[in-house]
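Participant: Once you know that position 256 of the sequence shown is 273 in the numbering used here, the rest is easy, because the numbers rise by one and skip nothing. Submitted below is the structure of interest, expressed as structure tokens.
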Amino acid sequence: MDQHQAAPQESGGSGYKFIPPRHDPLMMGIARLITPLYLRIVTQVDRVEISAEHRKLLEGLLGQRVILTPNHPSYEPPVVMQLAGMLHTGFYFLAAREIFEDPLQNFVCSRIGAYSINRGAKDGDSQHATRQLLRMGKRWLVIFPEGQEYYLHDIVLPFLPGAARFGYGALDDIRRQGNSEPVWIVPVTIRYHYRGNVDKLIRASLARLEKELALEGRGSIFERVQRVTFCLLEVNERLYDVEVRDPADVDMRISRLRERVLMDVEHKLGMHNVDLESPLRNRLRKLFVAVSRMRRSAESSYERKLLDRRSKVMKAELQRVLEFVAMPGKYVQEDSSAERYLDLLGRFETEVFGKLKFFGPRTARVSISDPINLSDTYEAWQADNEGQVEAMTERLEDCVRQRLDELCEQYRTEVQG
């Protein structure tokens, strides 16, 4: 697959063409040079660090079949790219088809190891490519099990089962070929922490928000953040005509607002009999998929343009659910670290000013949990495919969540105000 890229094939639904993986040496070299600069300018990350112990652990797996499963709150692919550079290798990345809709992103990503999967649909080409890559074992595969960015760096979303399912499937293929070599899954945790005068960053962000929202700037940092939170909630509740039953119950207010936004988009898409008890991530995933498919029904160029405009509006609303409406109301109350304050303020600035906001300088710290040899549970998988996939997915999620909690405790920046 490195040397000869197969032609994109239609798969997983009309209008979708599978983008296969490849490694273009020139583009890979350029990417390695640009990635640190990109991280510094776009995400304010000027350091990517991994302990000598964890680096040695990864180096010991070079040449073997490995799936890396990092958490994915925001811009982790460039961090993982830099990790690949530290190990003097290249990775394959399983990426949502939407990444490839932009021509420039398609050109670059498809040449540095990324390939597409059509989320929410049966994508036989992507599944076949994934198992083939693992069978070949030439380069490691990166799968982000959370499946969606959410911009809160101290929490972990429930993992999707793809990594475990692909891993066991590839191991089964290998065993059927008479090969006893293992497939490893390595839980990877990425956590960001700040350096320098974080109070200055927090106060500057609050001042920008207070000016835009016509709020007073008095009180402690916590009081000012609470004031901004309530203001944004009130504006959105009026916009969506949401009744406020208990003004002090922020979590309930956020939940009701989120439900109204979701129901509004579902109604526009003509989605009926929606399971309101379904987890938020499942409803969002179905909605993102439905919106992405809107333009496929167009019968003319004019209709396609109209559907494009409508889909952009709906995607923006769904993104707001992820970046603002879905935030936990007690995120800062549970831990008033600078990292959490700036997570929240970054979301607020994105909501108010319409542009994704990161603060810095900050360090991306990469931590590795013990590698998991799928051969150890292969017989359990043979006896109960889906049961073992679910068990392994929970194990991976627990590993990442536990390590993230440890990193949050170890690398925590205090707020003085």
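The beta-carbon is built from N, C-alpha and C at its ideal position, and this holds for glycine as well. Please read all numbers here as calculations on a predicted model, not as lab measurements.
1) ILE67 and LEU158: beta carbons closer than 7 Å?
2) Do you know how far the Cα of TYR257 is from the Cα of ASP19?
3) Give me the residue from VAL173, ARG364, VAL267 with the minimum Cα distance to LEU424.
4) Just to check my reading of the structure: VAL432 and ASP171 have Cβ atoms closer than 8 Å, yes? What is that Cβ distance to the nearest angstrom?
5) Using the Cβ count rule (16 or more neighbours within 10 Å means buried), how would you classify ARG326?
6) Residues in the same chain with beta-carbon distance under 6 Å from HIS284, minus the five sequence neighbours each way, listed in chain order, please.
7) Within the continuous beta strand (DSSP E) that includes THR206, where are the two ends?
8) Name the DSSP beta bridge partners of PRO17, please?
9) If I'm right that ILE202 touches LEU391 with Cβ under 8 Å, what's the distance once you round it to whole angstroms?
10) Is the distance from the Cβ of ARG255 to the Cβ of VAL338 below 7 Å?
11) In angstroms, rounded to a whole number, what distance separates the CA positions of CYS126 and ILE134?
12) Could you spell out the range, first to last residue, of the beta strand (DSSP E) harbouring ILE134?
13) Distance cutoff 7 Å, beta carbons only. Does LYS155 sit that close to anything in chain D?
14) Below 8 Å on the Cβ atoms is my contact criterion, and I expect GLY234 with GLU227 to pass it. Report the Cβ-Cβ distance as a whole number of Å.
15) Relative to the C-alpha of GLU229, which residue among ARG300, THR367, THR410, GLU163 is closest?
16) Would you decide whether ARG212 is buried or exposed? Buried here means 16 or more other CB atoms lie within 10 Å of its CB.
17) By Cβ distance, which residues of its chain are closer than 6 Å to GLN243, with the 5 residues on each side in sequence left out?
18) What does the Cβ neighbour count give for ARG357, buried or exposed, with the cut at 16 atoms within 10 Å?
19) Please give the ranges of any alpha helix (DSSP H) in the segment 237 to 271, keeping only runs that are unbroken, at least 4 residues long and fully inside the region.
20) Ignore the nearest five residues each way along the sequence and tell me which others in VAL267's own chain have a CB closer than 6 Å to its CB.
21) Please go through the same chain and pick out, in chain order, the residues whose beta-carbon is closer than 6 Å to the beta-carbon of GLY154, but skip the five residues on each side of it.
22) Just reading off the alpha helix (DSSP H) that ALA180 is part of, what are its end residues?
23) ALA23 by DSSP, collapsed to three states: which one?
24) Do the segment 414 to 421 and the segment 192 to 207 meet, that is, are 3 or more Cβ pairs less than 8 Å apart?
25) Here's a check: name, in chain order, each residue in its chain whose Cβ is nearer than 8 Å to the Cβ of LYS372, leaving out the five neighbours to either side.
26) Have a look at GLY363 and MET44 and give me their C-alpha separation to the nearest angstrom.
27) Do you know how far the Cα of HIS289 is from the Cα of PRO87?
28) With a Cβ-Cβ cutoff of 7 Å, do ARG1 and ARG321 count as a contact?
29) Between the C-alpha atoms of PRO42 and LEU169, what's the straight-line distance to the nearest angstrom?
30) In whole angstroms, what is the alpha-carbon distance linking GLN144 and ALA221?
31) Run through the DSSP bridge pairs and tell me what VAL62 is partnered with.
32) Going by Cα to Cα distance, which pick from SER91, PRO38, ARG72 is closest to LEU56?
33) Whose CA, out of VAL65, LEU79, PRO175, MET98, lies closest to the CA of THR410?
34) Near ASP263, what residues of its chain come up, given a Cβ to Cβ distance below 7 Å and the 5 sequence neighbours on each side ignored?
35) Mapping DSSP to helix, strand and coil, what is HIS145?
Facilitator: To lay it out plainly:
1) Translated into positions along the sequence shown, residue 67 becomes position 50. Translated into positions along the sequence shown, residue 158 becomes position 141. With contacts defined by Cβ atoms closer than 7 Å, ILE67 and LEU158 do not form a contacting pair.
2) Sequence index remark: in the sequence shown, residue 19 carries index 2 (1-based). Sequence index remark: in the sequence shown, residue 257 carries index 240 (1-based). Below a pLDDT of 50, predicted positions are generally treated as unreliable, and ASP19, at 47, falls in that range; no measurement from the model is reported.
3) Translated into the one-based positions of the sequence shown, residue 424 becomes position 407. Checked all of VAL173, ARG364, VAL267; the closest Cα to LEU424 is VAL173.
4) Here the question's residue 432 lines up with position 415 in the sequence shown. Here the question's residue 171 lines up with position 154 in the sequence shown. 14 Å between Cβ atoms; not a contact.
5) For this step, residue 326 is matched to residue 309 along the sequence shown. By the neighbour-count criterion, in which a residue is buried when 16 or more other Cβ atoms sit within 10 angstroms of its Cβ, ARG326 is exposed.
6) Taking the first residue of the sequence shown as 1, we reach residue 284 at position 267. Nothing meets the Cβ criterion.
7) Here residue 206 is taken as the residue at index 189 of the sequence shown, counted from 1. It spans 200 to 211 - the beta strand (DSSP E) in which THR206 sits, taken as one unbroken run.
8) Within the shown structure, residues of the chain are numbered from 18 to 434, placing residue 17 beyond reach of any answer.
9) Indexing the sequence shown from 1 puts residue 202 at position 185. Indexing the sequence shown from 1 puts residue 391 at position 374. The Cβ separation is near 6 Å, so the contact holds.
10) Walking along the sequence shown from the start, residue 255 turns up at place 238. Walking along the sequence shown from the start, residue 338 turns up at place 321. No. Outside cutoff.
11) Sequence index remark: in the sequence shown, residue 126 carries index 109 (1-based). Sequence index remark: in the sequence shown, residue 134 carries index 117 (1-based). Going from the Cα of CYS126 to the Cα of ILE134 covers about 13 Å.
12) Taking the sequence shown and counting its residues from 1, the one referred to as residue 134 is at position 117. 131 to 134 is the span of the beta strand (DSSP E), which, as asked, contains ILE134.
13) Looking at the structure shown, chain D is missing, and only one protein chain is on hand.
14) The residue given as residue 234 occupies position 217 in the sequence shown. The residue given as residue 227 occupies position 210 in the sequence shown. With a beta-carbon spacing of about 5 Å, GLY234 and GLU227 fall inside the 8 Å limit used to define contacts.
15) Taking the first residue of the sequence shown as position 1, residue 229 is located at position 212. If we check each option's Cα against that of GLU229, THR367 comes out closest.
16) Position 195 of the sequence shown, counted from the first residue, corresponds to residue 212. Counting the other CB atoms within 10 Å of its CB gives ARG212 a total below 16, which places it among the exposed residues.
17) For this step, residue 243 is matched to residue 226 along the sequence shown. Same-chain partners within the cutoff: there are none.
18) Position 340 of the sequence shown holds residue 357. The residue in question, ARG357, is buried, as its Cβ has 16 or more Cβ neighbours within 10 Å.
19) 238 to 256
20) As a working note, residue 267 is residue 250 in the sequence shown. Excluding residues within five positions, the ones whose Cβ falls inside 6 Å are GLY346.
21) What you label residue 154 is simply residue 137 of the sequence shown in a count that begins at 1. Cβ within range, chain order: ARG82.
22) Here residue 180 refers to the residue found at position 163 of the sequence shown. ALA180 -> alpha helix (DSSP H) spans 179 to 193.
23) On the sequence shown, residue 23 is found 6 positions in, with the first residue counted as 1. Annotation note: pLDDT 42 at ALA23 (below 50); position unreliable, coordinate value reported separately. The three-state reading of DSSP puts ALA23 in coil, since its state is none of H, G, I, E or B.
24) yes
25) The residue you call residue 372 lines up with position 355 of the sequence shown. Answer for LYS372: GLU366, listed in chain order.
26) Working through the sequence shown from its first residue, we reach residue 363 at position 346. Working through the sequence shown from its first residue, we reach residue 44 at position 27. Distance between the alpha carbons of GLY363 and MET44 is about 32 Å.
27) Within the sequence shown, numbered from 1, the residue matching residue 87 stands at position 70. Within the sequence shown, numbered from 1, the residue matching residue 289 stands at position 272. One C-alpha to the other measures close to 35 Å.
28) Residue 1 is absent from the model: the chain starts at 18 and stops at 434.
29) As a position in the sequence shown, residue 42 is number 25, starting the count at 1. As a position in the sequence shown, residue 169 is number 152, starting the count at 1. Distance between the alpha carbons of PRO42 and LEU169: 34 Å.
30) Within the sequence shown, the letter at position 127 stands for residue 144. Within the sequence shown, the letter at position 204 stands for residue 221. If you take the alpha carbons of GLN144 and ALA221, they lie about 47 Å apart.
31) Taking the first residue of the sequence shown as 1, we reach residue 62 at position 45. Bridge partners of VAL62: ARG379.
32) Counting from one through the sequence shown, the residue named residue 56 turns up at place 39. The option with the nearest alpha carbon to LEU56 is SER91.
33) Locating residue 410 in the sequence shown gives position 393, where the first residue counts as 1. When each option's Cα is compared against that of THR410, the closest is PRO175.
34) Stepping through the sequence shown from its first residue, residue 263 is reached at position 246. Cβ within range, chain order: MET269.
35) Looking up residue 145 in the sequence shown gives position 128. Three-state result, HIS145: helix.
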